[in-house]
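What follows is a single structure, written as structure tokens, with notes after it.
Protein chains in written order, with full-length UniProt numbering: chain A, 1 to 439; chain B, 1 to 431.
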């Protein structure tokens with residue numbers, strides 16, 4: 001694979017001659033002289049964020065500079081960060097820090113030997129700021145690589161308060177039967193399709209499944225299934241799909257599945273929260289709040305509120321979520337200092353203050369959140385403690401858990417359309433087998 | 001031969017090479033190297049290890065690529081033909097209309113819009129919701145003109161109550177006799193959908209004949225007992241009620257503003273009460289254009305919209321070059337317009353039509369953006385084409401650039417005959 005890249009040949013040879021450690025390229029302004037650069041230096045940080053999210057992250061970079069004198073330069077990669085970083089690594093000039101939106105990506109880069117392990121300082125900072133699960137989640141094969149800049153919560157069910165009041169539902173449903181009952185009451189009150197499902201996007205369905213599965217099968221099985229140590233034909237999967245089917249096959253509650261399969265995520269949110277709503281409940285992650293604010297007239301916190309995904313068979317509070325993990329690609333000493341900084345409550349405070357982000361940092365003062373809704377979302381994450389798990393489809397090889405129109409996305413869409421548990425399990429297992437073996 | 005002359009020509013030859021070098025260099029860097037490397041890459045797996053023909057083997061056994069191949073075939077058979085024929089029609093017709101230039105400009109305009117933007121436009125055109133998608137809006141409008149929607153499409157009984165659904169209509173399970181008012185509760189009607197004329201539901205006043213109430217058994221804000229008329233619950237006016245005995249409809253009544261109805265003529269006997277389907281028929285929802293069945297034809301139609309103008313302009317140029325005298329001669333000989341078109345115009349246009357067709361074939365084989373944008377995620381696997389498959393396996397999550405390169409090579413092989421055809425034609429025309 002390396003042979004035909006002639007234009008880089010000479011430069012690579014020179015670089016190799018200069019230092020045995022292959023990668024050079026970046027850190028243009030790094031003063032080569034000082035052996036221990038206590039202050040100053042530069043750092044490149046690559047992430048997918050743009051716009052408001054980038055501005056929020058920029059406040060961290062500015063704060064970091066004020067504290068250490070290190071000038072951190074932000075590089076927006078666009079959505080396809082894996083491809084962008086992959087190309088840069090192949091070209092020999094990765095950024096110092098990459099903020100990866102998927103945990104699976106960290107594993108991928110770590111196994112390919114592209115990452116630098118976190119220093120003892122970073123490990124201590126993570127240990128101090130986060131529950132033990134976060135050290136585990138930032139590690140690959142026992143080595144800590146990453147610090148979780150933020151944590152998102154995908155165990156939130158959003159509802160239109162007006163519809164609940166109209167239907168006379170005064171208490172947010174806490175258990176699955178209560179949830180079904182509430183949906184039935186909403187239907188009786190004249191809400192056409194009480195539960196809005198954005199089935200055109202497969203990932204919404206995987207999130208549904210994961211939240212049900214982690215509650216019916218438990219954390220241990222969830223971890224096993226995420227690593228494909230138990231097959232998708234396992235009875236625990238049958239139970240979860242049967243539970244889902246109880247909701248998805250009820251046309252009075254979710255409407256015509258064929259229609260749900262035409263609705264993408266923004267549409268599913270608009271169905272519940274626009275001026276002429278046909279639905280009252282949308283299940284998805286905390287980012288629903290953003291979608292409501294940007295594309296409907298409803299006000300989050302007043303017209304739209306959320307409750308934690310209901311407990312099934314007395315399951316304890318669990319949170320399925322995601323997050324962005326910062327990892328170091330280079331030996332630039334400023335990289336490790338930046339990672340340690342990211343684990344501090346000060347960094348977490350700046351991160352959540354801009355709105356739109358929530359943090360798992362338990363040392364973070366909840367008052368830092370700009371509004372009540374995000375505060376509750378954040379507290380739900382901290383309260384779940386070590387019962388936090390990553391979105392399973394993000395952990396799977398992307399051919400299975402992250403490709404539009406195939407793998408888990410497609411199989412669950414077919415399940416929504418046809419409601420055939422056995423067929424869905426067989427297909428999921430076949431696809432998983434192919435994807436995990438190719439990894 | 002004169003030695004000096006030979007020397008000159010050799011020098012000139014070398015000079016020519018020097019002049020050609022930048023162009024050759026560019027060609028090598030931008031065309032030959034990528035093509036060659038794709039070929040090499042297609043023999044390596046995702047991680048860059050040698051797998052020989054492994055990717056090709058997987059490619060031809062994978063159901064996803066098979067669907068893509070099949071769809072590509074549909075595209076190649078249907079789209080270029082359709083576009084050429086429509087383009088030809090436009091070209092011939094614009095020769096005779098008055099505002100030809102304006103017409104041509106309008107038809108040609110879509111090609112100036114990027115595939116991506118066109119995809120977004122047609123995503124809205126084809127939207128399932130008649131409030132958003134214009135095609136369904138027209139269909140629903142037409143449908144509702146001939147079959148007006150029912151008053152209470154979402155109304156339904158609570159499960160386990162008196163009424164049950166039989167073939168769309170709601171029928172009581174038991175019989176009702178005059179003297180005991182029938183209570184027929186319904187739910188599922190949006191408070192806003194209850195007609196303004198509706199008033200508080202009530203039991204029918206005493207009187208002769210079988211009577212009862214159809215009402216919305218759900219008070220705004222909740223509360224209220226099931227199956228009982230509570231304060232705040234409204235009657236449902238305008239529902240037709242049938243008294244049925246056996247299979248025969250004995251009488252028909254209409255509910256009033258408080259939901260009561262009365263069959264004054266029925267003074268004795270037991271009847272089942274039926275609320276016919278017409279009260280509750282679901283509104284016509286249009287066609288799911290972007291569903292699994294229709295998605296490829298729908299996308300081809302969008303492609304037609306984009307490319308008809310392109311075909312028209314090329315064909316119109318060819319048309320302008322046709323010698324008028326042969327057309328005149330045919331007309332003088334008594335040929336009808338259709339005969340002139342079929343026997344003179346089309347044969348003379350054949351070379352142009354061929355170029356347009358082949359260009360479109362090449363274009364269609366590479367189709368990507370339109371499918372990517374237009375097909376919702378849930379049907380993307382039904383609408384997939386090779387180029388989309390290529391992108392998906394290499395960048396869209398599959399991260400297997402070996403497989404992607406293999407698909408690229410297959411696509412290249414498929415496009416090759418069409419390209420050779422065009423090349424040969426160009427060469428013939430140059431001679």
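In this text, a Cβ means the ideal position worked out from N, Cα and C, and glycines have one as well. Values in this document were obtained by computation on a predicted structure and should not be read as measured data.
If you drop the 5 nearest sequence neighbours on each side, which residues of the same chain put their C-beta closer than 7 Å to that of residue 12 of chain B?
The residue labelled residue 12 of chain B in the question sits at position 12 within the second chain. There are no such residues.
Beta-carbon of residue 136 of chain B versus every beta-carbon of chain A: anything under 8 Å?
Residue 136 of chain B sits at position 136 when you count from the first residue of the second chain. Not a single C-beta of chain A is nearer than 8 Å to the C-beta of residue 136 of chain B.
Quick check: is the beta carbon of residue 116 of chain A nearer than 8 Å to any beta carbon in chain B?
For this step, residue 116 of chain A is matched to residue 116 along the first chain. Not one chain B Cβ lies under 8 Å of residue 116 of chain A.
Just tell me which of A:201, A:165 and A:205 has its CA closest to the CA of residue 191 of chain A.
Here residue 191 of chain A corresponds to residue number 191 of the first chain, with the count starting at 1. That would be A:165, whose Cα lies nearest to the Cα of residue 191 of chain A.
Neighbourhood of residue 421 of chain A by C-beta, 8 Å cutoff - its chain only, sequence neighbours within 5 removed
Here residue 421 of chain A is taken as the residue at index 421 of the first chain, counted from 1. Within the same chain, residue 421 of chain A has close Cβ partners 238, 241, 242, 245 and 415.
At 9 Å on the CB atoms, spell out the chain A contacts of residue 406 of chain B, in chain order.
As a working mapping, residue 406 of chain B is identified with position 406 in the second chain. Going along chain A, no residue has its Cβ under 9 Å from residue 406 of chain B, so there is no contact; the nearest lies around 14 Å.
Looking at the structure shown, is residue 17 of chain B part of a helix, part of a strand, or coil, going by DSSP?
The residue labelled residue 17 of chain B in the question sits at position 17 within the second chain. The answer is helix: DSSP assigns residue 17 of chain B an H, G or I state.
Nearest chain B C-beta to residue 202 of chain A closer than 8 Å, yes or no?
Numbered from its first residue, the first chain carries residue 202 of chain A at position 202. Residue 202 of chain A counts as touching chain B.
From the beta carbon of residue 286 of chain A, is the nearest beta carbon of chain B less than 8 Å away?
As a first step, residue 286 of chain A is located in the first chain; it is residue number 286 there, counting from the start. Output row for residue 286 of chain A: interface = no.
Is it buried or exposed, residue 313 of chain A, if we count other Cβ atoms within 10 angstroms and call 16 or more buried?
Position 313 of the first chain holds residue 313 of chain A. Exposed: under 16 other Cβ atoms inside 10 Å.
Does the region 177-193 of chain A touch the region 232-242 of chain B, meaning 3 or more C-beta pairs lie closer than 8 Å?
no
Secondary structure, alpha helix (DSSP H): runs of 4+ residues fully inside the region 31-106 of chain A
51-68 and 81-90
Return the CA-CA distance between residue 106 of chain A and residue 99 of chain A, expressed in angstroms with no decimal places.
In the first chain, counting from the first residue as 1, residue 106 of chain A sits at position 106. In the first chain, counting from the first residue as 1, residue 99 of chain A sits at position 99. Going by the C-alpha atoms only, they are around 9 Å apart.
Chain B contact for residue 207 of chain A (CB, 8 Å cutoff):
In the first chain, counting from the first residue as 1, residue 207 of chain A sits at position 207. No, residue 207 of chain A lies away from the interface with chain B (no Cβ there is under 8 Å from its Cβ).
Do the CB positions of residue 153 of chain A and residue 377 of chain A come within less than 8 Å of each other?
If you number the first chain from 1, residue 153 of chain A lands on position 153. If you number the first chain from 1, residue 377 of chain A lands on position 377. For residue 153 of chain A and residue 377 of chain A, yes; Cβs fall inside 8 Å.
Would you give the residue range spanned by the alpha helix (DSSP H) that residue 290 of chain B belongs to?
Residue numbering aside, residue 290 of chain B sits at position 290 when the second chain is read from its first letter. The continuous stretches of alpha helix (DSSP H) do not include residue 290 of chain B, and DSSP gives it neither H nor E.
Three or more C-beta pairs below 8 Å linking the region 323-342 of chain A and the region 195-212 of chain A:
Touching, no.
List, in chain order, every chain B residue whose beta-carbon is nearer than 8 Å to that of residue 169 of chain A.
Here residue 169 of chain A corresponds to residue number 169 of the first chain, with the count starting at 1. For residue 169 of chain A, the chain B residues whose Cβ falls inside 8 Å of its Cβ are 222, in order along the chain.
What residues from the region 114-141 of chain B come within 7 Å of chain A, judged by C-beta to C-beta, listed N to C?
128
Please compile the residues from chain A whose C-beta is within a distance smaller than 8 Å of the C-beta of residue 279 of chain B.
Stepping through the second chain from its first residue, residue 279 of chain B is reached at position 279. Near residue 279 of chain B there are no residues of chain A at all, since even the closest Cβ is about 16 Å away, more than 8 Å.
Return yes when the Cβ of residue 320 of chain A is within less than 8 Å of the Cβ of residue 119 of chain A, no when it is not.
Indexing the first chain from 1 puts residue 119 of chain A at position 119. Indexing the first chain from 1 puts residue 320 of chain A at position 320. Contact flag unset, no.
Counting contacts by CB-CB distance shorter than 8 Å, is residue 409 of chain A in contact with chain B?
By one-based count along the first chain, residue 409 of chain A stands at place 409. By this cut-off, residue 409 of chain A is an interface position.
Residues of chain B with CB under 7 Å from residue 259 of chain A, in chain order?
The residue given as residue 259 of chain A occupies position 259 in the first chain. Neighbours of residue 259 of chain A on chain B, chain order: 128.
Taking residue 404 of chain A as the query, report the chain B residues whose CB atoms sit under 8 Å from its CB, ordered along the chain.
For the purposes of this step, residue 404 of chain A is taken as the residue at position 404 of the first chain. Simply 377, 380, 392, 396 and 397.
Residue from A:325, A:391, A:262 and A:60 with nearest C-alpha to residue 287 of chain B
In the second chain, counting from the first residue as 1, residue 287 of chain B sits at position 287. It is A:262 whose Cα lies nearest to the Cα of residue 287 of chain B.
Close-in-space but distant-in-sequence residues of the same chain around residue 406 of chain B (CB under 6 Å, 5 per side omitted)
Walking along the second chain from the start, residue 406 of chain B turns up at place 406. Closer than 6 Å at Cβ, skipping near neighbours: 42, 55, 56 and 59.
Decide if residue 451 of chain A is buried, meaning its Cβ has at least 16 other Cβ atoms within 10 Å, or exposed.
Residue 451 of chain A is absent from the model: chain A starts at 1 and stops at 439.
CA-CA distance, residue 273 of chain A and residue 192 of chain B?
For the purposes of this step, residue 273 of chain A is taken as the residue at position 273 of the first chain. For the purposes of this step, residue 192 of chain B is taken as the residue at position 192 of the second chain. Spanning the two alpha carbons is a distance of roughly 16 Å.
Sequence-distant residues of the same chain with beta carbon closer than 7 Å to residue 251 of chain B, five excluded per side
As a working mapping, residue 251 of chain B is identified with position 251 in the second chain. The answer, listed in chain order, is 243, 263, 265 and 266.
Where does the unbroken beta strand (DSSP E) through residue 152 of chain A begin, and where does it stop?
Position 152 of the first chain holds residue 152 of chain A. Note, residue 152 of chain A: beta strand (DSSP E), 146-153.
Can you list, in chain order, the residues of the region 178-194 of chain A whose Cβ is nearer than 8 Å to any Cβ on chain B?
185, 187, 188, 189, 190, 191 and 192
So residue 204 of chain B packs on residue 255 of chain B, CB below 8 Å; how close in whole Å?
Within the second chain, numbered from 1, the residue matching residue 204 of chain B stands at position 204. Within the second chain, numbered from 1, the residue matching residue 255 of chain B stands at position 255. That pair is no contact at about 10 Å.
Measuring alpha carbon to alpha carbon, tell me which residue in A:348, A:361 and A:324 is nearest residue 47 of chain A.
For the purposes of this step, residue 47 of chain A is identified with residue 47 of the first chain, where counting begins at 1. When only C-alpha atoms are compared, the closest one is A:324.
Name the residues in the region 172-189 of chain B whose C-beta lies less than 7 Å from a C-beta of chain A; which are they?
187, 188 and 189
I want to know whether the region 278-292 of chain B touches the region 137-152 of chain B - three or more CB-CB distances under 8 Å.
yes
Spatial neighbours of residue 25 of chain A in its chain, beta-carbon cut-off 6 Å, leaving aside the 5 residues before and after
Translated into positions along the first chain, residue 25 of chain A becomes position 25. Confidence at residue 25 of chain A is low in this model, with a pLDDT of 37, below 50, so the placement of that residue is unreliable and no value is reported for it.
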